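This report concerns only the one structure given below.
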Amino acid sequence: MSFIAKPNVSHPGMPKNSLGLSQRDYEGTVSTLCAGCGHDSVTAAIIQAVFELGIEPHMLAKMSGIGCSSKTPAYFVSQAHGFNSVHGRMPSVTTGANAANRDLTYIGVSGDGDSLSIGVGQFVHAIRRNLNMCYVIENNGVYGLTKGQFSASADIGSKPKKGQPNLQEPIDAVSTALSLGATYIARSFSGDKEQLVPLLKGALMHRGFALVDIVSPCVTFNDHEGSTKSYAHTRQFYHNVINMDYIPPREEIKAAYDDGEAMPIEMHDGSTIVLRKIDREYEPTSRAASFKYLRERFNAGEITTGLLYLDESRAEMHELMGNVDTPLTQLPLDELHPGKEELKKLQSRYR
Amino acid sequence: MKPTDTSNPEYFHQVVDCQFGCPAHTDVPAYIRMIAQGEFSDAYMENRKSNVFPGILGRVCDRPCEPACRRGRVEEKPVAICRLKRVAADHRDDITSRLPKAPATSNGKKVALIGAGCASLTVANDLAPLGYEVTIFEALDTTGGLMRTNIPQFRLPPKVLDEEIGYILDMGVDLKTNHPIESLKGLLTEGYDAVFVGTGAPRGKNLEIPGRYDSDRIHIGIDWLESVAFEHTKEIGKKVLIIGVGNTAMDCCRTSLRIGAEDVKVMARKPRGFFKASDWELEDAEEENVEILINHSPKEFVIEDGKLVGMKFELMEYKVDDNGRIDRGTVTGEKIIPCDDVVLAIGQDNAFPWIERDIGIEFDNWDCPVVDETTMMCAIDGVFFGGDSAFGPKNIIWAVEHGHQAAISMHRYCQGEDIADRLPRGMNLASQKMGMHEWSFSNDYDPASRRIMPHVDLKKRFKKLDIEVELGFTAEQAIQEVERCLNCDIQTVFSADLCIECDACIDICPVNCLTITANGDEDDLRSRLSAPAENHEQPLYVSADLPHTSRVMVKDEDLCVHCSLCAERCPTGAWDMQKSTLLVPYAQDELAEEQSTSAAST
Ligand SMILES: Cc1cc2nc3c(=O)[nH]c(=O)nc-3n(C[C@H](O)[C@H](O)[C@H](O)COP(=O)(O)OP(=O)(O)OC[C@H]3O[C@@H](n4cnc5c(N)ncnc54)[C@H](O)[C@@H]3O)c2cc1C
Ligand SMILES: Cc1ncc(C[n+]2csc(CCOP(=O)(O)OP(=O)(O)O)c2C)c(N)n1
Ligand code: SF4
Ligand code: SF4
Ligand code: SF4
Ligand SMILES: [Mg+2]
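Rendered as structure tokens:
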């Protein structure tokens, strides 16, 4: 951890966003993670995405559980809301928060341990509900915070720094989400911001559950030879199948996309996601086809990245439940709490 | 781009903007850190090594380092480098024991220096400790040249001059005052092994317009300032016009106010932004309520009954193009401005009436001798020039640098060596890491703004000519100001083979200096960096190919605040903070080098 704060100076040539804020205005406190941790790069990518989208800091809610990854909301957008919950319980806390105030943009930052080990039950139910949030997993294959034990995302044969290689099947967040009907599924790498930032922007603007599973190496406990979540291994087996660009509402889609390969998909808020396949075989709108492709590549040892699945048509939690449009936090008390008599009436309908 | 060759001393040298901007390569960040630690004498000696006159220059240096200072790009104002130099001088202890000394015996070589200005004095400073018998011939009865005769005492007290010139003369220099050299040819027959011409640019430019010779109240600026300095002139009329708006003009107007003028106008031909005077000299003059009138081009002196009553000007209008160039202007009218005296401060020329034109020295169209810019030697072997005499009027710090270079040449010449084959500049690099996140220097960015020099009260300062206006920084101001320095000599040094491309440095850098990207040519790279890299005067530091992806690490040096965070966040130590020390050779080092090679060969 550094002793000095990041100096309060900036490059005078840096741009401002639609709110007149600079990227530096979206920073948090200086990270206390190990130098070189992939999570810090993800933080930087989140800052860039939120800045470029021009999200008002007070309209953002940062949710997390426990782990090095779950500490990172402290390192971006200091002026946003935040809830650092219990290990593996971020999805339920976010569900509650979102139920109460559907107007905020929710970003959950979790780890592979937090989401796939202790919190896997919460993780899958948030997907089933199609909770409207951007769900980031900073995936390093270990419990970084507790000194590097394998997590549920560790690959078979991956070697720890000391001790025996992992023998158990990994839980793959992407195929899990695909099988449960998540509507925006992406995988990326902390070391590839060019790919990661647009993926995060799309995820933040997507209506429904958006998963961004990010290989984010733990330099201290899982960056050695034989690890399948190291910087070197990830770079070697990295396989980008589909590029995406996020184009905000009202911005012209550049001619470069008219090449037949490009698939523009309009989102709920009028923005557009343009997918450009790198591998022609890949079908990002078919669950069955994507699943097959991902499995094959996984068996070949490749790490498939990009916006792997997108479905803009499914209803998210509030729509499914037919909730009022106004956030509950803004409803007048007599509407929110109509009284005992109303409750009795309601109950009598089910008798 | 090819990987940057950091083994070339000039690479890291140019990152230290102030030192690179200083003609004498003063190690500014090093002396600022010494001041920060209260080591004023060390800071003084560090300065003296390169610029010889820290007390003088700490007051009146032209300070090319300041516009160059990186702090002025990161925020509005540069570090007050010059003021801090004065802090070192003001607070030093007695340093006489640390000064260079002449050896007990001479080396048998005699050199003659003409003129006792800063150029000659620097040559003496460098050659006397090597055993040379140094003789200085000076036309006036005192030393210092323009520093004493033209820079007014309210900017540069004589005591400061005497002290620092004394340090040099006390090494056994033979000073012959009241001894103008009237023939170079003659001097060359007197058996000196080498001769240095440090006679300055002594002729003030004249303004040949109607009425010029019809009054004795029209003065040439540098002559008039000299006559005030020697107390031959003790007063001036109430209304004074100064023609020209360079630094000489600023001294003339402020001097006028101290010897009787009440209404002083500086007449500028061009608009603001095209003035020659330094901003701080303009500010100081305007603080004293000097009025600066722009777009007035002198036409004639108005004489009535044999008496100067005013001056007629053409009123000008100019167009400035997109590149900031100004046209020749058009005349829109005329105006007479009443006055009692006019001082002409429109520049200086070189003049060498005492150098015969048939002895082999070439002169150019401006009557300047043709002098080699590296060796300072002219067409006659063994005759060297420096200071204003060499390439026309410059300033003190340039004269000092010329003196250093001439001294090296004179030494090599006297030893029968090739004067072009001089020692090159060198560079030392040393890591400043003390612990995980600890550095040997104060790496935290201090947002303090530039401290303002306190001045003597406006009511008091005009009472006498020699009341020094600037009071010097207080202790509190000095402490604040030193922290503004960004330690640009503590370099970010990169080892490509250690980099795992985790982006940690890129993410933490407050000013977005760093980028990992595919290599390309310079223009292409500049267009693809984390932040706009439009300052082409500042280099890109490009690494070798990175091991994982064969991309390159590129650092735009322009705005780096040397905060060390890149090195702190790097998990592998690929970035390190290393202090660069530029090794500038002086005549002394040439001697040491000769002695060590001759010792090695015996
Ligand atoms: C009004 C004014 C203000 C200035 N203010 C500043 C300032 O604030 N900061 C700055 O850096 N620079 C300033 N300068 C410029 C600076 O003074 C000169 O660049 C510098 O003094 C040049 O030094 P020098 O040694 O080359 O020559 P000089 O200082 O001119 O010294 C030459 C010496 O040679 C003597 N000499 C000349 N001919 C002969 C001869 N034939 N025989 C024997 N002796 C001879 C002269 O008497 C004189 O003493 C100023 C100049 C002027 C005119
Ligand atoms: C209920 C509970 N069980 C166990 C722990 C101990 N613990 C803290 S962090 C952590 C694992 C974190 O792993 P991950 O989510 O992958 O985060 P990383 O540190 O790798 O980013 C564990 C098991 C805890 N804090 N709370
Ligand atoms: S232990 Fe691993 S995951 Fe945690 S901060 Fe350090 S490098 Fe990052
Ligand atoms: S910040 Fe300090 S080291 Fe850098 S240019 Fe300015 S004075 Fe020199
Ligand atoms: S020292 Fe490093 S982090 Fe700090 S400004 Fe310079 S390049 Fe950026
Ligand atoms: Mg983990």
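These protein sequence lines are chains F and S, in that order. Using my numbering, read the first sequence as starting at 939 and increasing by one per residue. Using my numbering, read the second sequence as starting at 155 and increasing by one per residue. Glycine is no exception: its CB is placed at the ideal position from the N, C-alpha and C atoms. Only a predicted model underlies this, so the values are computations on that prediction, with no experimental measurement involved.
List the DSSP bridge partners of W729 (chain S).
-> Bridge partners of W729 (chain S): S:F648.
Report buried or exposed for I985 (chain F), applying the criterion of at least 16 other Cβ atoms within 10 angstroms of its Cβ.
-> By the Cβ-count criterion, I985 (chain F) is buried, with 16 or more other Cβ atoms from all chains shown falling within 10 Å of its own Cβ.
CB contact check: A685 (chain S) to chain F, cutoff 8 Å = For A685 (chain S), the answer is yes, since a Cβ of chain F falls inside 8 Å of its Cβ.
Spell out whether any CB of chain F is found under 8 Å from the CB atom of R723 (chain S).
-> So yes, R723 (chain S) belongs to the interface.
Backbone secondary structure at L361 (chain S) - three-state DSSP = Three-state result, L361 (chain S): coil.
8 Å Cβ cutoff, H996 (chain F) in contact with chain S | For H996 (chain F), the answer is no, since every Cβ of chain S falls outside 8 Å of its Cβ.
Going by DSSP, what residues sit across from I480 (chain S) in a beta bridge?
-> Looking at the DSSP assignment, I480 (chain S) forms a beta bridge with S:V474.
Per-residue contacts from Y1220 (chain F) into chain S (C-beta, under 9 Å) | Correct list: empty, because the minimum Cβ distance to chain S is about 23 Å.
T1084 (chain F) beta carbon near ligand 2 (any heavy atom closer than 7 Å) = Under cutoff, so the answer is yes.
For D1196 (chain F), count neighbouring C-beta atoms within 10 Å of its own C-beta (all shown protein chains included) and say buried if the count is 16 or more, exposed if not.
-> With a pLDDT of only 47 at D1196 (chain F), under 50, the local geometry of the prediction cannot be trusted, and no value is derived from it.
Backbone secondary structure at N1022 (chain F) - three-state DSSP | Strand.
For V525 (chain S), count neighbouring Cβ atoms within 10 angstroms of its own Cβ and tell me buried if that reaches 16, exposed if not.
-> Around the CB of V525 (chain S), 16 or more other CB atoms lie within 10 Å, so the residue is classed as buried.
Would you list, in chain order, the members of the region 941 to 963 of chain F that have their beta-carbon closer than 7 Å to a beta-carbon of chain S?
-> Taking 7 Å as the Cβ-Cβ cut-off against chain S, the residues of the region 941 to 963 of chain F that qualify are F941, I942, K944, P945, N946, V947, S948, H949, G951 and M952.
Please state whether DSSP places S684 (chain S) in a helix, a strand or coil.
-> DSSP places S684 (chain S) outside both helix and strand once states are collapsed to three, so it counts as coil.
Taking the CB atoms as reference points, tell me whether T1242 (chain F) and R1235 (chain F) lie closer together than 8 Å.
-> It is a contact, given that the beta carbons lie within the stated cut-off.
Whole-angstrom distance between Y1247 (chain F) and V1024 (chain F), CA atom to CA atom | The straight-line gap from Cα to Cα measures roughly 30 Å.
Can you check whether the CB of F207 (chain S) is closer than 8 Å to the CB of I550 (chain S)?
-> Closer than 8 Å, so yes.
7 Å Cβ cut-off: residues of chain S touching C1006 (chain F) = For C1006 (chain F), there are no C-beta contacts with chain S under 7 Å, since the nearest C-beta of that chain is about 14 Å from it.
For H450 (chain S), which beta-bridge partners are listed by DSSP?
-> Residue pairing of H450 (chain S) in beta bridges, as defined by DSSP: S:L469.
Got a sec: does ligand 4 put a non-hydrogen atom nearer than 7 Å to the Cβ of P177 (chain S)?
-> Flag unset: Cβ of P177 (chain S) not near ligand 4.
May I ask which residues mark the beginning and end of the beta strand (DSSP E) holding R638 (chain S)?
-> Counting along the chain, R638 (chain S) falls outside any beta strand (DSSP E), though it belongs to the alpha helix (DSSP H) covering A629 to R638.
In chain order, which continuous runs of the alpha helix (DSSP H) of length 4 or greater are located wholly inside the region 220 to 307 of chain S?
-> Qualifying alpha helix (DSSP H) stretches, in chain order: 225 to 228, 235 to 245, 272 to 281 and 300 to 303.
Under the three-state DSSP convention, the category A1193 (chain F) falls into = Residue confidence for A1193 (chain F) is low, a pLDDT of 44 falling below 50, so the modelled location carries little weight and cannot support an answer.
Chain S beta carbons: is any one of them nearer than 8 Å to that of D1183 (chain F)?
-> Chain S, which has no Cβ nearer than 8 Å to the Cβ of D1183 (chain F), makes this no.
With 16 other CB atoms within 10 Å as the buried threshold, where does A1193 (chain F) fall?
-> Bear in mind that a pLDDT of 44 at A1193 (chain F), under 50, signals an unreliable position, so the model cannot answer this.
Taking the DSSP output, what are the residues bridged to N946 (chain F)?
-> N946 (chain F) pairs with nothing; no bridge assigned.
State yes or no: is the C-beta of S594 (chain S) nearer than 7 Å to some heavy atom of ligand 8?
-> Among the ligands modelled here, namely ligand 1, ligand 2, ligand 3, ligand 4, ligand 5 and ligand 6, ligand 8 does not occur.
So, E292 (chain S) versus K330 (chain S), is the Cβ gap smaller than 8 Å?
-> The criterion of a C-beta distance shorter than 8 Å is satisfied by E292 (chain S) and K330 (chain S).
Could you tell me whether the Cβ of P693 (chain S) comes closer than 8 Å to any Cβ of chain F?
-> For P693 (chain S), the answer is no, since every Cβ of chain F falls outside 8 Å of its Cβ.
Pairing CB atoms from the region 1088 to 1108 of chain F with CB atoms from the region 1053 to 1063 of chain F, are three or more of them under 8 Å?
-> Counting Cβ pairs under 8 Å, three or more are found: they touch.
Residue nearest to A584 (chain S) in terms of C-alpha spacing, selected from S:Q645, S:L612 and S:T703 | Ranking the options by Cα distance to A584 (chain S), first place goes to S:Q645.
Please find out if some non-hydrogen atom of ligand 1 comes closer than 7 Å to the beta-carbon of E193 (chain S).
-> No, the beta carbon of E193 (chain S) sits no closer than 7 Å to any heavy atom of ligand 1.
Residue range of the unbroken beta strand (DSSP E) whose run includes E1076 (chain F) | Unbroken beta strand (DSSP E) run through E1076 (chain F): M1071 to N1077.
Mind checking E1106 (chain F): buried by the 16 CB within 10 Å criterion, or exposed?
-> According to the sequence provided, residue 1106 (chain F) is Gln. The question's Glu does not apply to it. With fewer than 16 Cβ atoms within 10 Å of its Cβ, Q1106 (chain F) is classed as exposed.
Taking DSSP as the reference, what is the three-state secondary structure of N1181 (chain F)?
-> Here N1181 (chain F) carries a strand assignment [DSSP, helix/strand/coil].
Taking three-plus beta-carbon pairs below 8 Å as touching, is the region 401 to 419 of chain S in contact with the region 607 to 626 of chain S?
-> Yes, they touch.
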